[in-house]
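Counting from 97, one number per residue, gives the positions in the sequence shown under our numbering. Cβ coordinates follow ideal geometry from the N, Cα and C atoms, glycine included.
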Amino acid sequence: MKRYLNILLISACLALTACDFRYRNVDSGASAEDIQNYMNNVLPLTGQSESLRQMYEDPNTYFYFAQWERGYEPMGPLNAVAPISWNLITGENFSETDLEKVRVYFFHKIYSDETSDDVLVLEYQIAGTSHVKYFSNVNAGEPGFSDGGVFNTLVEGTSGGLVLESYDVAEGDLDADIQLKIYDANDNTLYLGKFSNLEGFSI
């Protein structure tokens, strides 16, 4: 089921003279049933299948998704959906033109003390073979939001660490649909690209 936060945010914006958040209206072309099917295939490849499924089903988790496939571009071309430094982020050497399919899964579980567990799963297909990169800050215990209301979290994976950042914040947490910017964890001035639009889903 698509998150209904968009409707609530629009209503709140109409009731106020000004809004301090950005509004995105994102359609990934996927239904909740599609997401379940995708995750049935990709989660076992992360080695964290059970914990991620529990996280997804937790009512305190925000889940975001984007996709691109050669010949099927519901969110636009690849260089618009995921204009990222693929080799630096994945730790592998290939050309962007080799990619046949890309899916992005972002899990954001919030706690009452303003900390969060965050997991990024990047699935991509080359020559018919699926590859998965898993990045997590689970149990890091760090606040995810700065005083200025910017979301910022450090996630670690087998190919290195990434800093994820979003300005799409409303009511002290991530908005219904978001953009995630990516920086190198060892040099947070090194910009690695972004996931331009991620659609928010709930159970």
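- DSSP, read as helix, strand or coil, puts residue 129 in helix.
- Of the other Cβ atoms in all chains shown, 16 or more fall within 10 Å of the Cβ of residue 262; this residue is therefore buried.
- The stretch 203 to 210 and the stretch 167 to 184 do not touch, with fewer than three beta-carbon pairs separated by less than 8 Å.
- Pairing residue 297 with residue 201, the inter-Cα distance amounts to about 11 Å.
- If you draw a straight line from the Cα of residue 287 to the Cα of residue 276, it comes to about 12 Å.
- Its Cα nearest to that of residue 191, the residue 222 stands out among 222, 146 and 248.
- For residue 298, the three-state secondary structure derived from DSSP is coil.
- For the options 228, 246 and 193, the alpha carbon positioned closest to that of residue 217 is the one of 228.
- Counting along the chain, residue 166 sits inside no alpha helix (DSSP H), nor does DSSP assign it H or E at all.
- Within the same chain, and ignoring the five residues on either side of residue 259 in sequence, the residues whose Cβ sits closer than 6 Å to its Cβ are 250, 279, 281 and 284.
- By the criterion of a C-beta distance shorter than 8 Å, residue 154 is surrounded in its chain by 205, once the five residues flanking it on both sides are discounted.
- Distance from the CA atom of residue 143 to the CA atom of residue 267, rounded to whole angstroms, is 34 Å.
- In the three-state DSSP reduction, residue 176 falls in the helix class (H, G or I).
- As summarised for the stretch 245 to 272, there are no continuous alpha helix (DSSP H) elements at least 4 residues long confined to that stretch.
- For residue 196, the enclosing beta strand (DSSP E) begins and ends at 195 to 206.
- With a threshold of 16 other beta carbon atoms within 10 Å, residue 178 meets it and is buried.
- With 16 or more other Cβ atoms from the protein chains shown falling within 10 Å of its own Cβ, residue 126 counts as buried.
- In this structure, the alpha-carbon of residue 121 lies about 17 Å from that of residue 164.
- If you check the CB distance, residue 247 and residue 265 come in under 8 Å.
- Residue 152 and residue 146 have their C-alpha atoms roughly 10 Å apart.
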